[in-house]
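Oh and the sequence shown: position 40 is 1207 in this note's numbering, straight run, nothing missing.
Every residue, glycine too, gets a C-beta built ideally from N, C-alpha and C.
Quantities reported herein were computed from a predicted structural model and do not represent experimental measurements.
The next block holds one structure in the form of structure tokens; read it before the comments.
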Amino acid sequence: MQIRPFEAADAPVAAELVRPLQPGILVTPAYLAHRERAEPEPAQRRSWLAVESGDVLGFATSAVKWDEPGAVGRFWIGVRPDRRKQGVGAALYDLAERQARAARVQRLTVEVDDDPDGLRFVEARGFERLSAEIVSSLDPRLADLGELDGLLAETSAAGFELTTLQAMAGRRDDLAAFYEAAGAWPPGGCEGNRITAEDLWRYIFERPELSWEGSFVVLDECGRLVSLASLVVDPAQGRAENDWTATLPELRGRRLALLVKLASIRWARESGIREIVTANDEDNVPMLTLNRRLGYRRLYAQVELSRAL
1168 MQIRPFEAAD APVAAELVRP LQPGILVTPA YLAHRERAEP EPAQRRSWLA VESGDVLGFA
1228 TSAVKWDEPG AVGRFWIGVR PDRRKQGVGA ALYDLAERQA RAARVQRLTV EVDDDPDGLR
1288 FVEARGFERL SAEIVSSLDP RLADLGELDG LLAETSAAGF ELTTLQAMAG RRDDLAAFYE
1348 AAGAWPPGGC EGNRITAEDL WRYIFERPEL SWEGSFVVLD ECGRLVSLAS LVVDPAQGRA
1408 ENDWTATLPE LRGRRLALLV KLASIRWARE SGIREIVTAN DEDNVPMLTL NRRLGYRRLY
1468 AQVELSRAL
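Rendered as structure tokens:
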């Protein structure tokens, strides 16, 4: 077995391994390659493949959490089920931890999907549960979209306009301001290490799977962005992921998030998408309630664990 750095040319085989191990996100070759080249430099992301006789046995990635305060890192390791408990994961973990220490990370975190073996692997290395996200799934063909027309009329009468993300294509600074105001990262998360509007644009809005037609925004009567639901799509797999849904704090409770999500679900249905996945913090009761209302069904809890270095 050899372990070597991940390269863009490895993306197709890496995606084949990672996709079934991370069902809660949309994994494509383009996503893996884009993340590696486009994530802001403070992330210091590094990734590796474990290979034997040309076969990929495992994949690992390690990065600094640039969008949170403090020196916090995160990693993820996936090993082919038939090659587990043979030292592949341990070798990849050693590289990931070494990279985190080189980046002067003080605390290391990992997210474990519905994988008891993976949970035991990290707990044996001193990781303890920190929080969890609820991973849910929706078949847009079965969603009830009956509220959409009435809600659209109601919000239009109040001075709001529903449109696609394409309306924001030339407004990079406004998008960056919205992401910060709507809570894309914790308060102080980028202090002293703040990403620019160009960084955000390159990482989020140049992602190949982002659908500019399937993502929707609400603008107020002054043209200000006040609510957004972004959708990333893999048409070949018939899958999509709710990348982020948010509304400015002062306008929450006015059903704007419901409007943009309903619009994106309708688009997904009309575009032949068979599954939309999403993940929400277990304590984000408003969004979990909204998802249940829309017909999302809970799949599992993705557990985040942490240990000090």
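Open item on the list: Within 7 Å of any Cβ in chain B, is that where the Cβ of A1325 sits?
Closed with: This model lacks chain B altogether; it includes just one protein chain.
Task: Cβ contact check for the stretch 1273-1287 and the stretch 1436-1445: 3 or more pairs under 8 Å - done: no
TODO: Taking E1219 as the reference, give the member of L1398, D1410, R1171 with the closest Cα.
DONE: The residue given as residue 1219 occupies position 52 in the sequence shown. Taking only the C-alpha atoms, the option nearest E1219 is R1171.
Task: R1241 to S1229 span [Cα, whole Å] - done: As a first step, residue 1241 is located in the sequence shown; it is residue number 74 there, counting from the start. As a first step, residue 1229 is located in the sequence shown; it is residue number 62 there, counting from the start. Those two C-alpha atoms are separated by around 6 Å.
TODO: Could you pull the start and end residues of the beta strand (DSSP E) that F1226 belongs to?
DONE: For the purposes of this step, residue 1226 is identified with residue 59 of the sequence shown, where counting begins at 1. Start and end: 1222-1231.
Task: Backbone secondary structure at S1304 - three-state DSSP - done: As a working note, residue 1304 is residue 137 in the sequence shown. Residue state, collapsed to three classes: strand.
Task: DSSP three-state assignment for P1207, whether helix, strand or coil - done: Sequence index remark: in the sequence shown, residue 1207 carries index 40 (1-based). P1207 falls in the coil class under three-state DSSP.
Task: Residues that R1464 bridges to, as DSSP identifies them - done: Within the sequence shown, numbered from 1, the residue matching residue 1464 stands at position 297. In the DSSP output, where bridge partners are listed per residue, R1464 has S1304.
- [ ] Tell me whether W1379 sits in a helix, a strand or coil according to DSSP, three-state version.
- [x] Translated into the one-based positions of the sequence shown, residue 1379 becomes position 212. The answer is coil: DSSP assigns W1379 none of H, G, I, E or B.
- [ ] For I1244, name the three-state secondary structure that DSSP assigns.
- [x] Taking the sequence shown and counting its residues from 1, one reaches residue 1244 at position 77. Correct three-state label for I1244: strand.
TODO: Just the C-alpha distance for L1199 and R1213, rounded to the nearest angstrom, thanks.
DONE: Counting from 1 along the sequence shown, the entry for residue 1199 is found at position 32. Counting from 1 along the sequence shown, the entry for residue 1213 is found at position 46. One C-alpha to the other measures close to 12 Å.
- [ ] Per DSSP, which residues does Q1469 bridge with? Please list them.
- [x] One-based indexing of the sequence shown puts residue 1469 at position 302. In the DSSP output, where bridge partners are listed per residue, Q1469 has E1300.
TODO: My understanding is that L1297 touches L1472, with C-beta atoms under 8 Å, so please give their C-beta distance in whole angstroms.
DONE: Position 130 of the sequence shown, counted from the first residue, corresponds to residue 1297. Position 305 of the sequence shown, counted from the first residue, corresponds to residue 1472. That belief holds up - the Cβ atoms of L1297 and L1472 are roughly 6 Å apart, short of 8 Å.
Task: Supposed contact pair Q1404 and V1302 - C-beta distance, whole angstroms, cut 8 Å - done: To locate residue 1302, count along the sequence shown from 1; it is residue 135. To locate residue 1404, count along the sequence shown from 1; it is residue 237. At roughly 17 Å, the Cβ-Cβ gap does not stay under 8 Å, so V1302 and Q1404 are not in contact.
TODO: Please classify Q1169: does DSSP put it in a helix, a strand, or coil?
DONE: By one-based count along the sequence shown, residue 1169 stands at place 2. The answer is strand: DSSP assigns Q1169 an E or B state.
Open item on the list: Using the Cβ count rule (16 or more neighbours within 10 Å means buried), how would you classify V1452?
Closed with: On the sequence shown, position 285 is the one that residue 1452 refers to. Answer is exposed; the Cβ neighbour count stays below 16.
Task: Residue interval of the beta strand (DSSP E) (run including R1292) - done: Position 125 of the sequence shown, counted from the start, is the residue given in the question as residue 1292. Counting along the chain, R1292 falls outside any beta strand (DSSP E), and DSSP gives it neither H nor E.
Open item on the list: Considering Cα atoms alone, identify which of P1248, V1239, E1203, P1209 is closest to E1183.
Closed with: One-based indexing of the sequence shown puts residue 1183 at position 16. Minimum Cα distance to E1183 is reached at P1248.
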